[in-house]
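Here is the structure we will look at, set down as C-alpha cells.
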Ligand code: G4P
C-alpha cells in the first residue's frame, strides 16, 4: 500500500555519523545497513584498508588511497522509517564536504572510541552540529575492549564538548569481562553473551535491580554498574526530549559495533527520538515547511567525475519540502533558469540507482553539466525563494599555486574559478602581485584539486605548501593598513574581495591583537 505524502515525509530520518578516524564509523554503518536489510552480510560496504570491496570507482584518488573521498548517501528502511545516512569521509583528511554534509542532516550520531575518548576531529565536527542546534546522539564504541571508565567518558563529554549527557544505558564490565548493558531507557539488561537457552534481555525490577536469578548478580561488574546507575539516577541529568531535540542534551549509548552488541537497541531508540525532516530558513527569514506543496531543496555538495568514463558531475540535493518526481521542471533562482530533471540518481549502499520519487528529507543526485553551485536552491512551480547561504568554513591549510606551464594560464584560471565555485577549495590572492593562494580544511582537498586540474582542465599545477595558518576576517577593513602585515601576518583577499589576515599561528594572532587592538578580527565557522 502506498503511503500518503504526510506519512512518507514523517517517516524520514536523515543523519550523519561523526567521529575521529578509526572510532568505528564504517563498522557501525555496516551493521545499520545490515539491520535495514540493505546488505546481506555485515561487512561488505567497503573494505577501506583491504580494498577488497572497492566497489566505487568514483575517482582515481579513491582507488589509489583506498578511501572514500566524498560523502555518500545510504538509504534503508527500518521499523516503518526510511533512514538516510549521509556518510562522511572516514579519514583524517576530511574536507569542507564533510562539514557541508552536516548542513543537510537533521541529526548526528557521534561515535567515540571508549579507549581514546573525545578526539580532535570529533571536536571539530561536533562544533558544526552544535552551531546548527541539531540533536546529537552519542555511541561509545569498542566496549569489548579495555577502555576508559564510563563515568570518566561522560565527564569528558561534558568538559571537552560542553554538552550535557544522559546515559541511556550503562556497561556492565568491559573488555573480556564485558557482560552486557544495563538499559536504563528500556528497563532491561541486555546480555553480551547469552547462553543458548537464555533470553538476550532480562527484566529489571522496581528497585532497578535484575528481576531474575542470574550468575551476573554476584559479579563485581554488575554491582559496580548498579552503583553507577544509582548515582546517575540521583545526580545525573534528567532525560528530556525537548533538550535532546535542541542539541542541548546528548543521549549516550554504550556498545560494540564490531561484535554487533547494542547496535540494534541503539538504532531503535535513536529512530524513536531522531527528528523527522525539519523546516528550513530562507534568506527572507521564513521557514519552509517540509509538507509544503512546493518541491524545494538545496545543493550541499557537487561531485565531479563519479564515473570517469562519462565525466559526469553530480549535484547532491537535500530535499527540504514537497515531493520530487522524475521529469519535473525546477527553477534555480540564482540563475533564473529552468531545468527538467530527467536524470536523477539515488544512492543505496554503493550502487547508484535511478530515483523516480523522493520526498522531503531525502537526498537526490542531479546530473550537472556545470550549471549548479554549492548552496543553490532548487524549487518547483512559481515559488521564488532561496534558502539561507551555507556557511563558509575557515580553512586551516594553505598552498601557493601556479601553472607549471605559463602558456596554460588561461586554463589554469578557468579551472580554479570553477573548482572554487563548486566549493572544492577556497581561493585567496595576495594584494598586489595577485598570486593565487588556496585554502582548505583538509589536505585531501589539495590532492583532489591537483588531480582535477590535470584530469579536467589539462593543467599541471605547482603547489608550494605554506602549512597551517590562522585565517581571520576583518570587521573594520577600512582601518587596516598594509604596514600592519608582515611575515607572520600575511594580508590577502578572498574570492569576495574581502581582506583576510593569514597568521602564522595563534601566538602571532594574539601578538597582532595586542599591537593593534582596534582591528576587529573575526572567524568563519
Ligand atoms: P572508521 O570508519 O571510523 O575509521 O573506523 P572503522 O569502522 O574502520 O574501524 C576502525 C577499526 O576499529 C577497525 O579495525 C575495526 O574493526 C575496529 N572496530 C570498530 N568497532 C569496533 C568495536 O566495537 N570493537 C573493537 N574491538 N574494534 C572495533 P582495524 O583492525 O583497524 O581495521 P580492519 O582491518 O578490521 O578493517
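Residue numbers (UniProt numbering): 1 to 525. Think of the CB as a built atom: it goes at the ideal place given N, C-alpha and C, for glycine as much as any other residue.
Quick check: what's the CA-CA separation for residue i versus residue j?
{"i": "residue 273", "j": "residue 165", "result": "15 Å"}
{"i": "residue 299", "j": "residue 441", "result": "20 Å"}
{"i": "residue 159", "j": "residue 462", "result": "43 Å"}
{"i": "residue 20", "j": "residue 120", "result": "7 Å"}
{"i": "residue 201", "j": "residue 192", "result": "10 Å"}
{"i": "residue 177", "j": "residue 143", "result": "10 Å"}
{"i": "residue 238", "j": "residue 248", "result": "12 Å"}
{"i": "residue 453", "j": "residue 494", "result": "20 Å"}
{"i": "residue 284", "j": "residue 489", "result": "37 Å"}
{"i": "residue 31", "j": "residue 437", "result": "42 Å"}
{"i": "residue 526", "j": "residue 472", "result": "The displayed coordinates of the chain run from 1 to 525. Any statement about residue 526 would go beyond what the structure contains."}
{"i": "residue 409", "j": "residue 101", "result": "33 Å"}
{"i": "residue 268", "j": "residue 185", "result": "12 Å"}
{"i": "residue 171", "j": "residue 271", "result": "21 Å"}
{"i": "residue 534", "j": "residue 314", "result": "Shown here, the chain extends from 1 to 525; a query on residue 534 therefore has no answer."}
{"i": "residue 155", "j": "residue 117", "result": "10 Å"}
{"i": "residue 404", "j": "residue 130", "result": "42 Å"}
{"i": "residue 287", "j": "residue 423", "result": "25 Å"}
{"i": "residue 95", "j": "residue 421", "result": "15 Å"}
{"i": "residue 168", "j": "residue 245", "result": "15 Å"}
{"i": "residue 370", "j": "residue 97", "result": "18 Å"}
{"i": "residue 506", "j": "residue 516", "result": "15 Å"}
{"i": "residue 195", "j": "residue 216", "result": "12 Å"}
{"i": "residue 82", "j": "residue 336", "result": "33 Å"}
{"i": "residue 519", "j": "residue 487", "result": "18 Å"}
{"i": "residue 384", "j": "residue 280", "result": "15 Å"}
{"i": "residue 491", "j": "residue 104", "result": "33 Å"}
{"i": "residue 373", "j": "residue 292", "result": "24 Å"}
{"i": "residue 545", "j": "residue 464", "result": "Nothing can be reported for residue 545, as the shown portion of the chain is limited to 1 through 525."}
{"i": "residue 13", "j": "residue 229", "result": "30 Å"}
{"i": "residue 51", "j": "residue 523", "result": "Here the model assigns residue 51 a pLDDT of 35, short of 50, so the residue's position is not dependable, and the following value carries that caveat. Cα to Cα, residue 51 sits roughly 39 Å from residue 523."}
{"i": "residue 3", "j": "residue 322", "result": "14 Å"}
{"i": "residue 64", "j": "residue 73", "result": "Reliability fails at residue 64, whose pLDDT of 47 lies under 50, so the model's placement of it is uncertain and the value that follows must be treated cautiously. Each residue's Cα considered, the two are about 22 Å apart."}
{"i": "residue 482", "j": "residue 470", "result": "18 Å"}
{"i": "residue 213", "j": "residue 242", "result": "37 Å"}
{"i": "residue 411", "j": "residue 502", "result": "27 Å"}
{"i": "residue 435", "j": "residue 163", "result": "43 Å"}
{"i": "residue 208", "j": "residue 145", "result": "26 Å"}
{"i": "residue 443", "j": "residue 511", "result": "27 Å"}
{"i": "residue 257", "j": "residue 477", "result": "51 Å"}
{"i": "residue 218", "j": "residue 210", "result": "11 Å"}
{"i": "residue 392", "j": "residue 173", "result": "44 Å"}
{"i": "residue 147", "j": "residue 445", "result": "34 Å"}
{"i": "residue 343", "j": "residue 468", "result": "41 Å"}
{"i": "residue 450", "j": "residue 414", "result": "14 Å"}
Where DSSP assigns a beta bridge to residue i, which residues make up the other side?
{"i": "residue 203", "result": "188"}
{"i": "residue 368", "result": "313"}
{"i": "residue 401", "result": "436, 463"}
{"i": "residue 428", "result": "437, 494"}
{"i": "residue 182", "result": "170, 189"}
{"i": "residue 99", "result": "For residue 99, which the question treats as bridged, DSSP gives no partner whatsoever."}
{"i": "residue 154", "result": "According to DSSP, residue 154 bridges with nothing at all."}
{"i": "residue 12", "result": "82"}
{"i": "residue 377", "result": "298"}
{"i": "residue 332", "result": "337"}
{"i": "residue 165", "result": "250"}
{"i": "residue 117", "result": "113"}
{"i": "residue 363", "result": "318"}
{"i": "residue 18", "result": "110"}
{"i": "residue 358", "result": "324"}
{"i": "residue 233", "result": "According to DSSP, which records beta bridges pairwise, residue 233 is partnered with nothing at all."}
{"i": "residue 540", "result": "An answer regarding residue 540 cannot be provided, because it is not within the stretch 1 to 525 covered by the chain."}
{"i": "residue 77", "result": "82"}
With residue i and residue j assumed to form a contact (beta carbons below 8 Å), what rounded beta-carbon distance in angstroms separates them?
{"i": "residue 190", "j": "residue 204", "result": "Contact doesn't hold; Cβ gap of about 11 Å is too wide."}
{"i": "residue 136", "j": "residue 252", "result": "The pair is not a contact, with the Cβ atoms about 10 Å apart (cut-off 8 Å)."}
{"i": "residue 359", "j": "residue 127", "result": "Rounded, the Cβ-Cβ distance is 30 Å, inconsistent with contact."}
{"i": "residue 332", "j": "residue 377", "result": "7 Å"}
{"i": "residue 439", "j": "residue 418", "result": "Wrong, their Cβ atoms sit about 17 Å apart, outside the cutoff."}
Segments of 4+ residues assigned as alpha helix (DSSP H) that fall wholly inside the region 238-297
241-245, 263-273
If we require 3 or more residues per run, which beta strand (DSSP E) segments fall completely within the region 444-524?
461-468, 470-474, 489-494, 499-503
Is the region 359-369 in contact with the region 393-400, if contact means three or more CB pairs nearer than 8 Å?
no
Contact between the region 22-29 and the region 99-113: three or more CB pairs below 8 Å?
yes
Is there contact here, the region 317-332 with the region 288-302, by at least three beta-carbon pairs under 8 Å?
yes
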